[in-house]
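Residue numbers (this note's numbering), protein chains in the order written: chain A, 14 to 333; chain B, 16 to 349; chain C, 88 to 411.
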Amino acid sequence: MWRFLTRTILQRLLLLVFISIISHAVIHLAPGQPTEVDPMNPMMKAQDIARIRQAFHLDDPFYLQYWHWIRDLFSGELKSFKDGLPVLPKIWDRFCNSLPLFACTTLIVWTLSFPTGIHAAVKRGSRYDRATTFIAYALISVPGFFLSYMLILAMVQLFHMPVIGLRTFGSEGSSTMTRVMDRIWHLVIPSLMAALTGIAILSRYVRSQMLEVIEQDYVRTARAKGLDEDTVIYGHALRNALLPFVTMFGFLLPGLISGSVIFEQIFAWPGLGMLGYEAILSRDFPMILTLNFIAAVLTLVGILSSDILYALVDPRIRLE
Amino acid sequence: MANGAEAAIPPLLRIRDLRVEFETDAGSVPAVRGVDLDVHAGETVALVGESGCGKSVTALAVMRLMTGRVASGSIHFEGKDLASLAEPEMRRVRGAQIGMIFQEPMTSLNPVFKIGRQIEEVLVLHQKLSGAAARTQALDLLTRVGIPSPEQRAEQYPHELSGGMKQRVLIAIAIACKPKLLIADEPTTALDVTIQAQIMALLKSLKDELNMAVLLITHDLGVVAHFAERVDVMYAGKLVEHGSVRDIFKRPAHPYTRALLGALPDPLKPAKRLEAIPGRVPSPAMLPPGCAFCARCKHAFEPCQAEQPPLLPITAPHVAACWLHDPKRATTSV
Amino acid sequence: MTTPPASTSRAEELGAAETPFQQVWRSLRKDRLAMAGLYVLLGLIALALVGKLLTEWWVVFDPATVRLPDKLRPPMSHASAALAADQVPPFGTYFFGTDELGRNVFARMLQGSFVSLSVGIVAVSISLSVGILIGGLAGFYGKRKFGFVSVDALLMRVTDVALCFPTFFLILTVVALLPPSIYNIMIVIGMTSWMGTARFVRAEFLSLRERDFVTAAQALGLPEWRIIFRHMVPNAMAPVLVSATIDVAYAILTESALSFLGFGVRPPFATWGNILADGRGYIFDAPWLFAIPGTAILLVVLAFNLVGEGLRDAMNPRLRKRAS
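Now the structure itself:
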């Protein structure tokens with residue numbers, strides 16, 4: 014177990030180094046200079062270290078730039094091109110905004126997908142199955158922002174409630190209760206909309222996984238024991254069908270960054286996705302690189318944690 | 016077979032005119048086409064045939080676990096017709112009065128539960144045992160099926176056991192509630208030859224110990240000769256011959272049975288070329304109007320193509336579904 | 088002794104003579120959703136070709152004509168009399184209305200159908216080529232050593248690295264940095280979505296390598312390229328085809344998402360994605376500008392998904408048996 018952990022973590026760290034080098038290369042080799050955004054920076058010379066850091070080392074060779082970026086990133090002194098503020102606190106601020114939306118969406122997706130998918134699999138071919146199948150396909154196929162705009166329209170028409178932003182504009186003066194409700198409303202509606210596609214995809218997975226398991230020999234054994242259908246499905250089949258989803262749990266993490274660009278844009282939600290979008294627009298290289306790096310770290314941590322979780326829930330798997 | 020000599024005591028399991036159909040693109044396809052089968056208390060009946068002949072479907076139909084649909088016929092078990100029994104009552108039969116073991120021991124145990132729990136489950140369900148009592152009983156069962164150090168094994172997961180061990184565990188589950196009938200669907204096919212013999216010996220001793228009847232589904236005639244008392248031979252969804260082990264092995268009456276026996280090496284006789292049966296089993300979707308074996312039969316003659324032969328008596332209770340045994344039609348003796 | 092009845096053996100032959108393609112087709116034909124999807128796709132391909140023809144080569148519907156007097160006209164409205172003769176749309180009617188510049192939305196949708204479809208198909212062709220190449224190399228030459236690492240390990244680590252980038256974020260970054268062009272968008276979408284295919288083809292090749300017919304081909308001394316292209320690629324193709332169909336759907340959606348963020352295909356190309364993205368500004372005044380391209384994308388992507396899933400079911404023999 015410990016040997017496995019050390020080995021994988023070392024491997025992953027190596028992978029991370031490659032990823033950071035490649036993302037650095039992609040950005041620096043692509044046409045378009047960050048200096049176009051802020052022409053002040055390259056004026057600084059490599060005379061003293063503090064000023065070099067502020068100058069973003071743009072005149073240095075590639076490997077030195079990379080080294081500076083890494084060093085600044087880990088010493089927390091990496092600064093944005095755009096406004097010269099440190100990158101990490103900015104990311105942390107936005108992360109705190111993104112987190113509730115992400116958590117709420119994930120919660121909705123995971124609580125709704127499983128019953129939907131399991132029921133569809135158990136009632137394979139029924140009207141319920143065919144209806145959910147079709148709705149799921151439709152939800153997967155619709156451009157996310159098109160659906161959201163339609164739903165926002167409907168929401169505004171139905172409830173006369175704005176749903177854009179973290180809170181209703183001008184609601185600061187109202188009572189605590191109103192403000193809390195307002196925040197929740199502004200959180201739940203976007204989460205629901207962001208969750209729709211997720212529910213569609215995940216419930217399809219659950220359904221096919223469940224169908225696969227229901228056909229297994231041990232399910233027949235369970236029936237041959239005289240167990241009732243609910244025990245067979247929920248006691249014997251479900252546990253096996255759920256195993257692969259533990260892996261998916263790990264893959265959710267990177268969604269914190271990349272999955273939210275569109276939705277944060279639609280709902281004017283100042284989260285990580287929006288931060289990345291703004292950084293790309295202004296060619297804020299340190300910010301883009303750092304966000305990419307964090308996304309890669311999240312992916313790797315996600316894979317590792319899903320490996321470990323899988324080993325915990327599936328007795329057949331040993332970490333070696 | 017229903018005949019006078021055995022009619023005195025009603026058989027434990029009496030299948031009459033069982034038809035099982037599968038729904039496919041091309042309409043319903045019959046997998047079992049009117050099978051009659053009796054199993055008496057305490058006896059071992061073998062149901063033999065090539066793969067795809069409907070023998071497993073027949074066995075699963077008794078448990079009502081097949082994917083197809085019982086189109087007609089009855090399955091009487093201790094006076095109840097299992098074919099029309101309500102599902103909750105059927106569940107009280109499964110695992111309690113009829114136990115079943117399957118062909119694939121490797122995949123027939125739930126991989127995420129410990130061995131002990133999988134045995135205890137059936138005890139708690141049918142015998143309403145408490146957790147501790149079920150555990151004691153499960154350990155006892157593990158010992159009885161020949162698993163050493165049961166305390167440790169009960170705490171293991173299926174993947175930690177060999178194929179033979181898994182089949183022993185499955186047998187333990189099947190006999191846990193002392194069923195009157197054990198259905199063994201090709202119990203040794205997936206196992207090594209040495210293990211096969213051990214498993215069959217175990218089944219035989221358990222059968223004697225618990226006074227169970229056993230319906231043994233197999234294509235292995237060697238196993239049949241050693242363990243069964245009576246034999247039913249199936250071909251393309253129909254029974255083609257029925258008789259005592261002696262009848263079947265010494266005086267096989269149906270050309271198909273003879274061909275099966277010809278395909279079996281005899282260790283006592285000098286090596287000769289084994290006879291293969293030419294052709295293959297016809298698909299259930301495209302059965303000929305007459306005898307299904309006709310196309311592969313060396314002895315086929317006119318009536319075989321036109322009409323299906325009924326089960327014709329040889330020497331009671333030995334019967335065979337072949338026109339060769341109809342004195343009115345057969346011109347040549349075989 | 089008689090010969091077996093002719094009917095039996097003939098019927099058996101018929102049963103065996105069905106090629107895998109026929110089997111898949113027969114199974115697919117019963118899947119009503121997939122067939123509906125297939126018809127929509129065939130219709131779309133026809134529409135895209137006709138659209139290309141009528142908007143670029145033999146201009147009947149001109150997507151670029153600006154008619155300021157006729158801006159934001161609802162669908163099926165007639166052109167106003169104030170227009171110059173060469174500005175009047177065919178039949179004098181705007182089937183899908185006009186946009187904020189008075190351009191004929193029907194003409195733009197026609198033109199966009201070709202562009203949108205080609206973005207999807209080219210992007211997927213790129214991702215398939217890369218994926219099959221990398222996956223195939225890793226699967227077939229996996230055991231060869233390349234220095235101290237095996238080819239397989241090397242290529243799969245490359246794939247892992249690619250998987251670790253947040254795809255959409257990466258696409259955004261690259262598209263924002265590159266000069267705006269429809270070809271860049273195709274390439275970027277293609278280059279960021281090959282990892283699944285690569286892993287898949289590798290797994291398929293690894294298992295095919297062990298299969299008897301490949302061993303037999305090797306034993307016969309057939310050249311490697313022949314084994315790969317004649318024996319292994321066709322066998323690995325079926326599942327790849329399924330994922331390709333679904334990937335086209337994904338690429339079309341990605342293009343529309345890029346358009347939404349302002350990084351999409353630039354004018355003069357009209358794509359369904361950028362018509363939709365532009366339309367959101369007029370969602371209250373001219374809802375058709377939003378609803379028409381949105382519905383069109385939904386239909387087409389849905390059709391690709393349904394056909395893909397239908398093919399997957401039809402090609403999976405186990406599922407097929409279960410369905411029967």
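We put the CB at the ideal spot given by N, CA and C, even for glycine. Given the structure is predicted, the values throughout are model-derived calculations rather than measurements.
Within the same chain, L62, M115, I198, D200, L230 and I232 come within 8 angstroms of A74(B) by CB-CB distance, once the 5 residues on both sides are set aside. Scanning the region 140-174 of chain B for uninterrupted alpha helix (DSSP H) segments of 4 residues or longer gives 146-159 and 165-169, listed from N- to C-terminal end.
Taking the beta carbon of Y172(B) as reference, the chain A residues within 8 angstroms of it are P328 and R329, listed in sequence order. Note: M105(B) is not bridge-paired with any residue in the DSSP secondary-structure output. Not a single CB atom of chain A sits nearer than 8 angstroms to the CB of G138(C).
At a beta-carbon threshold of 7 angstroms, the residues of chain A lying near G110(B) are A237, K238 and G239, ordered along the chain. When beta bridges are read from the DSSP output, F92(B) appears opposite L28(B) and K95(B). Contact between M196(C) and A336(C) does not hold, since the beta-carbon distance rounds to 18 angstroms and is not under 8 angstroms. Straight across, the Cα-Cα distance linking P203(A) with G381(C) is about 20 angstroms. Per DSSP, P45(B) is one residue of the beta strand (DSSP E) stretching across G42 to V54. With respect to the 8 angstroms criterion, P318(B) and R344(B) are classified as neighbours on the basis of their beta carbons.
Between the alpha carbons of M81(B) and V72(B) lies a gap of roughly 6 angstroms. The beta carbon of T246(C) does not come within 8 angstroms of any beta carbon belonging to chain A, so the residue lies off that interface.
Residues L363, G366, R367, Y369 and I370 of the same chain have their beta carbon placed closer than 8 angstroms to that of F377(C), with the five preceding and five following residues left out of the count. Distance from G88(B) to I30(B) at the Cβ level is roughly 7 angstroms; contact confirmed, criterion being Cβ atoms closer than 8 angstroms. Identification of chain C residues near Y150(A) by a Cβ-Cβ cut-off of 7 angstroms yields L389, N392 and L393, ordered along the chain. S93(A) has its alpha-carbon roughly 17 angstroms from the corresponding atom of P283(A).
Relative to E187(C), the option among P161(C), L340(C) and T180(C) whose CA is nearest is P161(C). Listed in chain order, the beta strand (DSSP E) elements of length 3 or more contained wholly in the region 192-219 of chain C amount to none. The region 211-250 of chain A contains, as complete alpha helix (DSSP H) runs of 4+ residues, the segments 230-237 (chain order). Per DSSP, K129(B) lies in no alpha helix (DSSP H) and is assigned neither H nor E.
The beta carbon of V275(C) sits no closer than 8 angstroms to any beta carbon of chain A. For the pair of segments examined, the region 153-162 of chain B was found to touch the region 174-185 of chain B: the number of CB pairs separated by less than 8 angstroms reaches three.
CA-to-CA, the gap between V226(A) and G268(A) works out to about 28 angstroms. Excluding residues up to 5 positions away in sequence, L62, G64, I232 and M249 lie with their Cβ nearer than 6 angstroms to the Cβ of K70(B) in the same chain. A direct Cα-to-Cα measurement between K158(C) and Q174(C) gives close to 13 angstroms. Beta-carbon to beta-carbon, F127(A) and V193(A) are separated by about 29 angstroms, too far to satisfy the 8 angstroms threshold. CA-to-CA, the gap between F300(C) and E291(C) works out to about 14 angstroms. Along the region 295-312 of chain A, the positions whose C-beta sits under 8 angstroms from a C-beta of chain C are R296, I301, L304, N305, A308, A309 and T312, read in chain order. By the neighbour-count definition (other C-beta atoms within 10 Å, threshold 16), Q167(B) is an exposed residue. The secondary-structure analysis by DSSP pairs S237(C) across a beta bridge with K232(C).
In this structure, the straight-line span from the alpha carbon of L152(A) to that of F158(A) is close to 12 angstroms. Straight across, the Cα-Cα distance linking V326(A) with N253(A) is about 10 angstroms. One thing to note: L311(A) has its Cβ no nearer than 8 angstroms to the Cβ of F108(A).
Assignment of A331(B) by DSSP, reduced to helix, strand and coil, places it in the coil class.
According to the DSSP assignment, L80(B) belongs to no alpha helix (DSSP H), since it is labelled neither H nor E.
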